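Participant: So the protein lines, in turn, are chains A and B. Following my numbering, the numbering of the first sequence begins with 1328 at its first residue and continues without gaps. Following my numbering, the numbering of the second sequence begins with 86 at its first residue and continues without gaps. From the three backbone atoms N, C-alpha and C, an ideal C-beta is built for every residue, glycine too. Everything numeric in this text was worked out from a predicted model, so none of it was measured. My questions all concern the structure below.
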Amino acid sequence: MTIQGYAIDFIPSGRLENLSDEQIVEFIFERVEKEHVLILENPLTPSLRLELTAQGLVRFSKTFIGIKMQFINIRTEVGGLFRGKTKDSTLLVIAPGNAQIDHSEHGDVSVKFPVAQSIEA
Amino acid sequence: MIIATNHLLMLTSISRFFSKTKQASVCLIGEVNTGKSTLANRISNDFTGQDMSAVSEIAHETRDIIKLEHVNFNTDGKKLDLTLVDTPGIATSIDYKEFVGQGIPEDQAMQRAKEATAGIIKAIKFLEEVDVAVVMMDATKTPFDQVSLTLMGTLEMNKKKTIIVANKTDLPEAKPDLIKSTFPQHTVIPISALKGEGINDLYASIAEVA
């Protein structure tokens, strides 16, 4: 059975740990160009995000118009000895450029795609 | 001939050394439609009496880096030989269909999008060369967009002198204080590039950091 359409990939930080910047860029575009939405546990460095922006535009065509990125801030309670304390972390969502990413004031993030393209997919 | 050229270069260097006019490049950078070209024209008009960039309601009107060299910047007794740089608005994606929706024929919309992508890539690479980055933000919007956060992070990592401009303060929905609280470690100057409000504060800030 072939499953077509958008996919969501959660990428744990360890997956990118031993990759060079160039390899990370390739890893991400290999998936985003296939209409995958990536949720990265590691939000990447600002310069790598800027490089992703540039590389997304280098790949610009009628069918690929770049990428969209959005942070998700997460606050988790720490257990054990430090019970009661909280730890802030950030996830990075990367989606194809035709997606619309909304970030509400409450912190939730939603990724939407144009209807016509969803049907085609 | 070579000796004459060397003498000329040496004389130029000596004259620059003794001149009190410091040279600096000031680059206006930021998201699309934050008012970079409006501000570039305001600065250019104040110091040279002429416009620098075309301005439009349609996004990506500036699709290439525009430089205005030897602007005699003179404020609060500080003189600068300024190179003013206006850059295309940074975006992570460009939907050419939006241009079509604004009445541009499809082939021209695609061409505009291609030129815009090339311009953004150039602007990103150009960041490495600037002395002072003036990051433009639209004070009527929240500053949590990926472009502003990524630009600020990159400039911080590269230790670039940076001034944040919270533009469009003439609009009632403007919240420059939200930008100030988001980037407390940076100088944030609220202005209206359109009306000229706050422009002298920006000039004082450029004079201070350049």
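Spell out whether any CB of chain B is found under 8 Å from the CB atom of S1340 (chain A).
Facilitator: Taking the first sequence and counting its residues from 1, the one referred to as residue 1340 (chain A) is at position 13. No - not a single Cβ of chain B is within 8 Å of the one on S1340 (chain A).
Participant: With the cut-off set at 8 Å, would you say F229 (chain B) and I150 (chain B) are in Cβ contact?
Facilitator: Residue mapping note: residue 229 (chain B) aligns to position 144 of the second sequence, counting from 1. Residue mapping note: residue 150 (chain B) aligns to position 65 of the second sequence, counting from 1. Cβ atoms of F229 (chain B) and I150 (chain B): not closer than 8 Å.
Participant: Would you call the segment 115-130 of chain B and the segment 163-183 of chain B touching, i.e. three or more CB-CB distances under 8 Å?
Facilitator: yes
Participant: Establish whether the CB of D180 (chain B) and some CB of chain A are separated by less than 8 Å.
Facilitator: Taking the second sequence and counting its residues from 1, one reaches residue 180 (chain B) at position 95. It does: the Cβ of D180 (chain B) has a partner Cβ on chain A nearer than 8 Å.
Participant: Which residue's Cα is closest to the Cα of Y181 (chain B): A:T1390, A:Q1397 and A:I1366?
Facilitator: As a working mapping, residue 181 (chain B) is identified with position 96 in the second sequence. For the residues A:T1390, A:Q1397 and A:I1366, the minimum Cα distance to Y181 (chain B) belongs to A:T1390.
Participant: Could you say which of B:D255, B:L256, B:P257 and B:I276 lies nearest to K265 (chain B) if we only look at CA atoms?
Facilitator: What you label residue 265 (chain B) is simply residue 180 of the second sequence in a count that begins at 1. K265 (chain B) has its Cα closest to that of B:I276, out of B:D255, B:L256, B:P257 and B:I276.
Participant: Spell out a yes or no on whether the segment 1426-1446 of chain A and the segment 1387-1406 of chain A are touching, meaning 3 or more CB-CB pairs, one atom from each, closer than 8 Å.
Facilitator: Short answer: they touch.
Participant: Anything in the segment 235-246 of chain B with a Cβ closer than 7 Å to a Cβ of chain A? List those residues in chain order, please.
Facilitator: So the list reads T235, G238, T239 and M242, given in the order they occur along the chain.
Participant: In angstroms, rounded to a whole number, what distance separates the CA positions of C112 (chain B) and G1407 (chain A)?
Facilitator: Taking the first residue of the second sequence as 1, we reach residue 112 (chain B) at position 27. Taking the first residue of the first sequence as 1, we reach residue 1407 (chain A) at position 80. Note on geometry: alpha-carbon atoms of C112 (chain B) and G1407 (chain A) lie some 50 Å from one another.
Participant: Near K107 (chain B), which residues of its chain fall below 6 Å by C-beta distance, leaving aside the five closest residues on each side in sequence?
Facilitator: Working through the second sequence from its first residue, we reach residue 107 (chain B) at position 22. Within the same chain, K107 (chain B) has close Cβ partners L165.
Participant: With a cut-off of 8 Å on the beta carbons, I'd call L1367 (chain A) and I1401 (chain A) a contact; round off their distance for me.
Facilitator: Counting from one through the first sequence, the residue named residue 1367 (chain A) turns up at place 40. Counting from one through the first sequence, the residue named residue 1401 (chain A) turns up at place 74. Incorrect: roughly 13 Å between the Cβ atoms, too far for contact.
Participant: Report the rounded CA-to-CA distance for Q1427 (chain A) versus V1359 (chain A), giving the unit in angstroms.
Facilitator: For this step, residue 1427 (chain A) is matched to residue 100 along the first sequence. For this step, residue 1359 (chain A) is matched to residue 32 along the first sequence. Those two C-alpha atoms are separated by around 14 Å.
Participant: Between T239 (chain B) and L1375 (chain A), what straight-line distance do the alpha-carbon atoms span, to the nearest angstrom?
Facilitator: Stepping through the second sequence from its first residue, residue 239 (chain B) is reached at position 154. Stepping through the first sequence from its first residue, residue 1375 (chain A) is reached at position 48. Using only the alpha carbons, I get a separation of about 9 Å.
Participant: Mind the definition here: the segment 251-270 of chain B touches the segment 135-143 of chain B only if three or more C-beta pairs lie below 8 Å; say whether that holds.
Facilitator: no
Participant: State buried or exposed for Q1331 (chain A), treating a residue as buried only when at least 16 other CB atoms are found within 10 Å of its CB.
Facilitator: Within the first sequence, residue 1331 (chain A) is the residue found at index 4, counting from 1. Looking at its Cβ environment, which holds fewer than 16 other Cβ atoms inside 10 Å, Q1331 (chain A) is exposed.
Participant: Would you report the Cα separation of A1381 (chain A) and R1410 (chain A), rounded to the nearest angstrom?
Facilitator: Start at 1 with the first residue of the first sequence, and residue 1381 (chain A) comes out as number 54. Start at 1 with the first residue of the first sequence, and residue 1410 (chain A) comes out as number 83. Distance between the alpha carbons of A1381 (chain A) and R1410 (chain A): 43 Å.
Participant: Which whole-angstrom value describes the C-beta separation of L1418 (chain A) and L1371 (chain A), a residue pair presumed to lie in contact below a C-beta threshold of 8 Å?
Facilitator: The sequence position of residue 1418 (chain A) within the first sequence is 91, counting from 1. The sequence position of residue 1371 (chain A) within the first sequence is 44, counting from 1. No, L1418 (chain A) and L1371 (chain A) are not in contact; Cβ-Cβ is about 11 Å, not under 8 Å.
Participant: Suppose you measure from the CA of A288 (chain B) to the CA of T160 (chain B); what does that come to, to the nearest Å?
Facilitator: Within the second sequence, numbered from 1, the residue matching residue 288 (chain B) stands at position 203. Within the second sequence, numbered from 1, the residue matching residue 160 (chain B) stands at position 75. With the sequence shown as reference, residue 288 (chain B) is identified as Tyr, and Ala is not the correct amino acid for it. Roughly 7 Å between the two C-alpha positions.
Participant: Please list, in chain order, the chain A residues whose beta carbon lies closer than 8 Å to that of K199 (chain B).
Facilitator: As a working mapping, residue 199 (chain B) is identified with position 114 in the second sequence. Here the neighbours are F1387.
Participant: Would you say T177 (chain B) lies against chain A (beta-carbon separation less than 8 Å)?
Facilitator: Here residue 177 (chain B) refers to the residue found at position 92 when the second sequence is read from its first residue. Cβ-Cβ to chain A under 8 Å: yes for T177 (chain B).
Participant: So F1354 (chain A) is in the alpha helix (DSSP H); what residue range does that whole segment cover?
Facilitator: As a working mapping, residue 1354 (chain A) is identified with position 27 in the first sequence. That run of the alpha helix (DSSP H) goes D1348 to V1359.
Participant: Output, in chain order, the set of chain A residues within a Cβ distance shorter than 8 Å of T202 (chain B).
Facilitator: By one-based count along the second sequence, residue 202 (chain B) stands at place 117. Within 8 Å Cβ-Cβ: L1384, V1385, F1387 and G1393.
Participant: Could you name the residues of chain B that K1374 (chain A) contacts, counting a contact when the two beta carbons are closer than 7 Å?
Facilitator: The count along the first sequence starts at 1 and reaches residue 1374 (chain A) at position 47. The residue you asked about is not Lys; residue 1374 (chain A) is Ser in the sequence shown. Residues of chain B passing the Cβ test: T239 and M242.
Participant: Buried or exposed for I1475 (chain A), please, with buried defined as at least 16 other CB atoms from any protein chain shown within 10 angstroms of its CB.
Facilitator: With chain A covering 1328 to 1448 only, the question about residue 1475 (chain A) has no answer from this structure.
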